[in-house]
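Count along the sequence shown from 1, add 2, and you get the number used in this note's numbering.
Just below is one structure, and these are the notes that go with it.
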Amino acid sequence: MIDWNAIWKKEFQASRLSKENYYDQEARAKSYDASENIWRDGRKRAAELNPDPSWSVLDIGSGPGTLAIPLAQKAKKVTVVEPSLAMIRCLKSHLAEDGLTNVAIINSRWEDVSTEQLEAHDMVIASYSLNFENIQEALLKMNRLAKRMVILYWFAGITNWESIRLDLNPQVNGHHLANSPKCNVLYNLLYDLGLYPDLEVQRAASFPREYSEIDDALLYLKSTLNLSGDDHDDILRRYIEDHWRQKDGRLFMNDKTTYVKLSWVPGESKG
């Protein structure tokens, strides 16, 4: 029998540039929060999920609240688990702006939260936040805490940021970097656990980048490649010129990532 959890762990470790939480840095959290595409997509997905007004929702890796905020406007209660204090500051700001008081915030990694700390929720969601070495343990915990539905959003194929790393890492960091584990590993692991997920490609999901200043585009590339200083700016500028569209003095990077949704009704697993 194939050990999908071991495959996930191996691919996850090989794909990491750094062990730090990417969004611990204030500038990265604020840049993510400032994207209208991110918020538009969150509102769309929340409308599709459409929780009953009596339901409670658990949002794992909530970020600034792109799903938590619109879901809190529909559901009775939302609990978020978010490790980044910078993201939590963004989330609290939005909660105050919208006058929402039905969101509980837990500042923690999902791996460090025990099932005794949380009550079961009707809907459990992890949206592009499956950065766990032991994915089986993380998924089983979600399954135990869900009453009606578990929903994951993740990736298929090579993502935009992985394409950038494949192109540039050998030049700036001196090595190739493996791609992160994708939805095929999740699907097969869940299936072997006796949790049979539906899988749906999110065809309308797209998060293109747009910048008016090349310095902002450079900052994005440096964050993606975990670079500091200006030693590699010439290489990054050439990459932008070769790969990004330019129109009316603005820079555009199309998003070719394939986004997917996996969902299942919680039940007794084999794990």
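By construction, the Cβ of each residue, glycine as well, lies at the ideal position given by its N, Cα and C atoms.
Close beta carbons around residue i, own chain, < 7 Å, minus the five adjacent residues each side
i           : result
residue 123 : 58, 59, 60, 81, 147, 148, 149
residue 143 : 117
residue 160 : 181
residue 16  : 180
Rounded separation between residue i and residue j - CA only
i           : j           : result
residue 99  : residue 91  : 12 Å
residue 235 : residue 267 : 49 Å
residue 114 : residue 134 : 11 Å
residue 40  : residue 216 : 21 Å
residue 8   : residue 141 : 14 Å
residue 188 : residue 250 : 42 Å
residue 190 : residue 103 : 39 Å
residue 156 : residue 273 : 22 Å
residue 192 : residue 5   : 11 Å
residue 252 : residue 44  : 25 Å
Host alpha helix (DSSP H) of residue i (start-end)
i           : result
residue 9   : 6–17
residue 187 : 185–194
residue 235 : 235–245
residue 93  : 87–100
residue 40  : 38–51
residue 25  : No alpha helix (DSSP H) holds residue 25; DSSP gives it neither H nor E.
residue 225 : 216–227
residue 207 : It is not in any alpha helix (DSSP H) - residue 207 carries neither H nor E in the DSSP assignment.
Own chain residues within Cβ distance below 8 Å of residue i, not counting five before or after
i           : result
residue 88  : 25, 26, 27, 28, 30, 31, 32
residue 201 : 185, 189, 262, 263, 264
residue 269 : 145, 196, 197
residue 136 : 7, 11, 113
Where residue i falls, given that 16 or more other Cβ within 10 Å makes a residue buried
i           : result
residue 14  : buried
residue 182 : buried
residue 119 : exposed
residue 3   : exposed
residue 52  : exposed
residue 105 : buried
residue 248 : exposed
residue 173 : exposed
residue 128 : buried
residue 203 : exposed
residue 70  : buried
residue 35  : buried
Beta-carbon proximity list for residue i, same chain, < 6 Å, skipping 5 on both sides
i           : result
residue 238 : 220, 223
residue 158 : 184, 185, 260, 262
residue 111 : 85
residue 93  : 66, 67
residue 285 : This structure gives no information on residue 285, because the portion of the chain shown stretches from 3 to 273.
Delimiting residues of the beta strand (DSSP E) encompassing residue i
i           : result
residue 80  : 79–83
residue 260 : 260–266
residue 29  : It is not in any beta strand (DSSP E) - residue 29 instead sits in the alpha helix (DSSP H) that spans 28–35.
residue 212 : 211–213
residue 169 : Element bounds for residue 169: not the beta strand (DSSP E) but the alpha helix (DSSP H), 162–174.
Touching or not, the stretch 159–167 and the stretch 214–227, by the rule of three or more beta carbon pairs under 8 Å?
Judged by Cβ distances under 8 Å, the stretch 159–167 makes contact with the stretch 214–227, as three or more pairs qualify.
Can you confirm whether the stretch 66–78 touches the stretch 38–56 when touching is taken to mean that 3 or more C-beta pairs between the two stretches lie within less than 8 Å?
With the cut-off at 8 Å, the stretch 38–56 and the stretch 66–78 touch.
Indicate whether the contact test is met: 3 or more Cβ pairs, each with one atom in the stretch 198–213 and one in the stretch 243–256, closer than 8 Å.
Yes, the stretch 198–213 is in contact with the stretch 243–256.
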